[in-house]
């Protein structure tokens, strides 16, 4: 089980409408090995991203992160690079779904993100629904995820949850999912 | 309408907007994602039997025929999977693009809940299905269980009245709609299209309209059944039982949009780089030089699209500095276009006609762009690098506008060519 009490990492800033063709361009989708594919993550936007990113780093983005193609390779390459979570003003629905499914925490602010310096240290409290910029104490608040989705994240994604439970535990869906 | 389909498929939870539910899936469509991503997940999950071979549709369409060894391996994995599990609905290289071949095979029907590992699965809403895109992990879970979790969407109602003016198509209309909604204007929501024009639309035009709803974030798009769809289903799914859904009189909507083409003058529309919702009248972009014109994709690769392009090209030739690539959406479309003489006419005019594939639209093959090249395309996405180099630019438009631009070598209002 993954401990999701506190995540800590450096911030990478991205703007609005980062579509999945930016996160991983279509021409790399036939690469079967994710670690090889991940070298091209964010290539059209920031060619240096994949080589500079460190395990634990956090993506802070604007509106509609992950729009476009339904490719699950998008959250997978971010997870592969060790991104600990993505915080965005809003997510495109398929990306959000895929992120949770592959065990990449994704939290939506639903308001304009405050100015955070790139590289700033961020401390994220998924269960309590907030993050703080370590140096300034500036808070970012988000709705905690419903228990069913947190359960998928703690297991490391839907496939790992399926393996751990010996099948899909659909009963969890009714727990406080309003 | 979306809630009604979910209501008839729910197995856990309460169908109310914003709630999470578990629902039974009627059909799952998987393409190359099966071979590249889903099969390894099924192995990890220890799944040796699929939930129902009849209800899984497999298509090799994105890189078809395989342009490299990696895609050849993925295609072979799909073929092996299909044969191991006795999956009858398998459409291999050459049959066409998934969102065209499923409806052709009568596998998109009213009232059904269809899930595809492709964002343009929304297309089947033209047949009154609740159809939505997701990806590998969900596909693996559905292959194992036949079920999937959903967040029940709110609905947006779009009412469309009037008639299309000359050289204006459903593509111009949907560009106009998503231009107003914005990239996330329908995020998580179901978009319903109603009104006189929708009732009179051809099946192909309905598919184009529902297809691009995802560019505004829509989870699904739905239309009521019309005569064209009834006729289509009679021919394509003769024995099938289906129950169409209609919205309740007092249905609640998050937003209602009304477009009346007898009052509003809709002309050819173009989406500039790098967002499909960056939509302006063609006059704004007119005169921009192009290197390539592409007619194809699940959005606009159907017979009426090719016919319209052939009509615009009549008496003209492809401009000498332009590659005009025409990719029919399926073998059936290709053959119909061949018999109607469109393929011959377009080829004589200087177009390159390819086999059916997602090809150029995904920047895969058969029309990849070099740096700083400009393409006008009937496809659905113009994100940076989508069709090739990150410094290439893609403008999205109707088949008429694309064909007219292929003639002049620059973005052109089709009404000035015909």
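Chains as they are written, first to last, in the numbering used here: chain S, 4 to 181; chain V, 2 to 419. Idealized CB from N, CA, C, for every residue including glycine.
Cutoff 8 Å: residue i Cβ touching any chain V Cβ
| i | result |
| --- | --- |
| residue 18 (chain S) | no |
| residue 41 (chain S) | no |
| residue 151 (chain S) | yes |
| residue 176 (chain S) | yes |
| residue 180 (chain S) | In this prediction, residue 180 (chain S) scores a pLDDT of 46, lower than 50, which makes its location untrustworthy; the coordinate-derived value is nonetheless stated afterwards. Cβ-Cβ to chain V under 8 Å: yes for residue 180 (chain S). |
| residue 89 (chain S) | no |
| residue 171 (chain S) | yes |
Short Cβ contact (8 Å threshold) for residue i with residue j
| i | j | result |
| --- | --- | --- |
| residue 400 (chain V) | residue 306 (chain V) | yes |
| residue 294 (chain V) | residue 406 (chain V) | yes |
| residue 421 (chain V) | residue 393 (chain V) | Beyond the ends of chain V as shown, which are 2 and 419, falls residue 421 (chain V); an answer cannot be given. |
| residue 39 (chain V) | residue 140 (chain V) | yes |
| residue 267 (chain V) | residue 169 (chain V) | yes |
| residue 190 (chain V) | residue 155 (chain V) | yes |
| residue 70 (chain S) | residue 218 (chain V) | yes |
| residue 303 (chain V) | residue 334 (chain V) | yes |
| residue 15 (chain S) | residue 51 (chain S) | no |
| residue 285 (chain V) | residue 177 (chain V) | no |
| residue 100 (chain V) | residue 121 (chain V) | yes |
| residue 120 (chain S) | residue 150 (chain S) | no |
| residue 163 (chain V) | residue 322 (chain V) | no |
| residue 222 (chain V) | residue 192 (chain V) | yes |
| residue 134 (chain S) | residue 126 (chain S) | yes |
Per-residue burial, residue i [other beta carbons within 10 Å of its own, 16 or more giving buried]
| i | result |
| --- | --- |
| residue 290 (chain V) | exposed |
| residue 66 (chain S) | buried |
| residue 114 (chain S) | exposed |
| residue 173 (chain V) | buried |
| residue 112 (chain S) | buried |
| residue 150 (chain V) | buried |
| residue 96 (chain V) | buried |
| residue 18 (chain S) | exposed |
| residue 63 (chain S) | buried |
| residue 88 (chain V) | buried |
| residue 41 (chain S) | buried |
Beta carbon proximity, residue i to chain S, threshold 8 Å
| i | result |
| --- | --- |
| residue 254 (chain V) | no |
| residue 23 (chain V) | yes |
| residue 342 (chain V) | no |
| residue 188 (chain V) | yes |
| residue 184 (chain V) | yes |
| residue 220 (chain V) | yes |
| residue 52 (chain V) | no |
| residue 147 (chain V) | no |
| residue 16 (chain V) | no |
| residue 213 (chain V) | no |
| residue 246 (chain V) | no |
| residue 361 (chain V) | no |
| residue 353 (chain V) | no |
| residue 46 (chain V) | yes |
| residue 80 (chain V) | no |
| residue 142 (chain V) | yes |
| residue 137 (chain V) | yes |
| residue 367 (chain V) | no |
Partner residues on chain B for residue i, Cβ-Cβ distance less than 8 Å
| i | result |
| --- | --- |
| residue 92 (chain V) | Annotation note: the requested chain B is absent from the structure, which comprises protein chains S and V. |
Distance cut-off 7 Å: residue i Cβ against heavy atoms of the ligand GDP
| i | result |
| --- | --- |
| residue 371 (chain V) | The ligand GDP is absent from the structure shown, which contains no ligands of any kind. |
Chain S contacts from the region 103–132 of chain V (Cβ-Cβ distance under 7 Å): 118, 119, 120
The region 43–59 of chain S: positions lying closer than 9 Å to chain V by Cβ: 46, 47, 48, 50
Contact residues within the region 94–113 of chain S, judged by C-beta distance below 7 Å to chain V: 95, 96, 97, 100, 101, 104, 105
Interface positions of the region 62–74 of chain S facing chain V (Cβ-Cβ less than 8 Å), listed along the chain: 66, 67, 70, 71, 72, 73, 74
Three or more C-beta pairs below 8 Å linking the region 152–172 of chain S and the region 206–221 of chain V: no
Stretch pair the region 111–118 of chain V + the region 174–185 of chain V: three plus CB contacts closer than 8 Å: no
Three-pair Cβ contact test at 8 Å for the region 5–23 of chain S versus the region 337–350 of chain V: no
Three CB pairs or more closer than 8 Å across the region 90–103 of chain S and the region 47–57 of chain S: no
Contact between the region 56–68 of chain V and the region 82–102 of chain V (3+ Cβ pairs under 8 Å): yes
The region 76–87 of chain S contacting the region 42–50 of chain V, beta-carbon criterion three pairs below 8 Å: no
Three CB pairs or more closer than 8 Å across the region 121–134 of chain V and the region 100–113 of chain V: yes
Members of the region 264–296 of chain V that neighbour chain S once the beta carbon cut-off is set at 7 Å: 276
The region 64–78 of chain V: positions lying closer than 8 Å to chain S by Cβ: 64, 69, 71, 72, 74, 75
Contacting positions in the region 8–37 of chain S - beta carbon closer than 9 Å to chain V: 19, 20, 22, 23, 24, 25, 28, 29, 30, 32, 33, 34, 35
Chain S contacts made by the region 375–406 of chain V, where a contact means CB separation under 7 Å: 382, 384, 385, 386, 387, 391
Three-pair Cβ contact test at 8 Å for the region 155–164 of chain S versus the region 13–26 of chain V: no
Residues, ordered as in the chain, of the region 29–40 of chain V that lie near chain S by beta-carbon distance below 7 Å: 37, 38
Near-chain V residues of the region 134–166 of chain S (beta-carbon distance less than 9 Å), N- to C-terminal order: 149, 151, 152, 160, 161, 162, 163, 165, 166
Stretch-stretch touch, CB-based, cutoff 8 Å, three pairs: the region 356–364 of chain V with the region 241–255 of chain V: no
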